[in-house]
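Residue numbers (my numbering): 8 to 173.
Below: one structure, written as structure tokens.
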Amino acid sequence: MQKAQPKLDIPLKSIDIILEVGSLMLLGVFWYFVIDNYNALPEKIPSHFNIRGEVDGYGSKSSLFILPTIASMLFIGLAVLSRFPHSFNYPVKISNTNAMYQYSISLRLLRILKLVIMMVFLVISWMTIRTAGATGATNSQWLLPLVLALIFLPIFIYLVLAYKYK
């Protein structure tokens, strides 16, 4: 059986507070944006975009509430998860010497990913609302590469830092 990782209280730095507040503000803006635009939408709205950013599925306008609901659940889930960095799996062995640093960078990654999730979901809803009244044509082929970069770049940087400072 593996030895339990040390339990530490990780203090928040200014950047952590900015990331948390930014995520919460984006979530609030997200809900406001969806609620504010809901009544102006037609009954059928785009519900899916293909890899080229073209609408390839339609659904009820009430489906617009799915993404902010999922975003809210992810926000809460990641906030709860961030209270238990000692329970995470790490790419390096955690010791009393490196625990503070490893926990700090893993929590920073969670906060960055939380902010990215809020941004991506908000952009997807914005695209849906924007195209709902249009012909279905969008200029959003940039979205998938951007989303992939926003998700994988912080993970890559985290892994580099985790291995560099074992």
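Glycine residues also receive a C-beta, built at the ideal position from the N, C-alpha and C atoms.
* To do: Determine the contact status of Ala78 and Met125, defining contact as a CB-CB distance below 9 angstroms.
  => As a position in the sequence shown, residue 78 is number 71, starting the count at 1. As a position in the sequence shown, residue 125 is number 118, starting the count at 1. Cβ atoms of Ala78 and Met125: closer than 9 angstroms.
* Asked: Thinking C-alpha only, which one of Arg115, Tyr97, Asp16 and Thr138 is nearest Tyr170?
  -> As a position in the sequence shown, residue 170 is number 163, starting the count at 1. With distances taken between Cα atoms, Tyr170 lies closest to Tyr97.
* **DSSP three-state assignment for Pro53, whether helix, strand or coil** => Along the sequence shown, one-based indexing puts residue 53 at 46. If DSSP states are grouped into helix, strand and coil, Pro53 belongs with the strands.
* **Any C-beta of chain D under 9 angstroms from that of Glu27** => Absent from the structure is chain D; it holds one protein chain and no more.
* To do: Report the option in Ala11, Leu26, Gly66 and Pro13 whose CA atom is closest to the CA atom of Thr135.
  => Position 128 of the sequence shown, counted from the first residue, corresponds to residue 135. When only C-alpha atoms are compared, the closest one is Gly66.
* Could you tell me the distance, in whole angstroms, from the CA atom of His93 to the CA atom of Val99? => As a first step, residue 93 is located in the sequence shown; it is residue number 86 there, counting from the start. As a first step, residue 99 is located in the sequence shown; it is residue number 92 there, counting from the start. The alpha-carbon atoms of His93 and Val99 are separated by roughly 13 angstroms.
* Asked: So what does DSSP say about Asp63, is it helix, strand or coil?
  -> Here residue 63 refers to the residue found at position 56 of the sequence shown. In the three-state DSSP reduction, Asp63 falls in the strand class (E or B).
* Beta-carbon separation of Tyr45 and Lys14 under 9 angstroms? -> Here residue 45 corresponds to residue number 38 of the sequence shown, with the count starting at 1. Here residue 14 corresponds to residue number 7 of the sequence shown, with the count starting at 1. Going by C-beta atoms, Tyr45 is not nearer than 9 angstroms to Lys14.
* Asked: If you draw a straight line from the C-alpha of Lys10 to the C-alpha of Asp63, how long is it?
  -> Here residue 10 corresponds to residue number 3 of the sequence shown, with the count starting at 1. Here residue 63 corresponds to residue number 56 of the sequence shown, with the count starting at 1. Rounded to the nearest angstrom, the gap between the Cα atoms of Lys10 and Asp63 is 51 angstroms.
* Closest residue to Phe72 among Val28, Ser89 and Phe37 (Cα-Cα distance) -> Residue mapping note: residue 72 aligns to position 65 of the sequence shown, counting from 1. Nearest neighbour of Phe72 by Cα position, chosen from Val28, Ser89 and Phe37, turns out to be Phe37.
* **Whole-angstrom C-beta distance between Leu129 and Pro161, which should lie under 8 angstroms** => Residue numbering aside, residue 161 sits at position 154 when the sequence shown is read from its first letter. Residue numbering aside, residue 129 sits at position 122 when the sequence shown is read from its first letter. Wrong, their Cβ atoms sit about 18 angstroms apart, outside the cutoff.
* Asked: Just to confirm, are Leu74 and Val28 a CB contact at a threshold of 9 angstroms?
  -> As a position in the sequence shown, residue 74 is number 67, starting the count at 1. As a position in the sequence shown, residue 28 is number 21, starting the count at 1. It is not a contact, given that the beta carbons lie outside the stated cut-off.
* According to DSSP, is Met8 helix, strand or coil? -> Stepping through the sequence shown from its first residue, residue 8 is reached at position 1. Residue confidence is low: Met8 scores 49 on pLDDT, short of 50, so the model does not pin down where it sits. No coordinate-derived value is stated.
* Taking the alpha-carbon positions, what's the Glu61 to Ala86 distance? -> As a position in the sequence shown, residue 61 is number 54, starting the count at 1. As a position in the sequence shown, residue 86 is number 79, starting the count at 1. Glu61 and Ala86: Cα-Cα distance of roughly 34 angstroms.
* **Inter-residue CB distance, Pro53 and Thr138 (contact presumed, cutoff 8 angstroms)** => What you label residue 53 is simply residue 46 of the sequence shown in a count that begins at 1. What you label residue 138 is simply residue 131 of the sequence shown in a count that begins at 1. With 8 angstroms as the limit, Pro53 and Thr138 qualify as a contact, their Cβ atoms being about 5 angstroms apart.
* Cα-Cα separation between Asp16 and Ile58, rounded to whole angstroms -> Walking along the sequence shown from the start, residue 16 turns up at place 9. Walking along the sequence shown from the start, residue 58 turns up at place 51. If you take the alpha carbons of Asp16 and Ile58, they lie about 43 angstroms apart.
* Span separating the alpha-carbon of Ser132 from that of Leu122 -> The residue labelled residue 132 in the question sits at position 125 within the sequence shown. The residue labelled residue 122 in the question sits at position 115 within the sequence shown. Taken atom to atom, the span from the alpha-carbon of Ser132 to that of Leu122 is near 16 angstroms.
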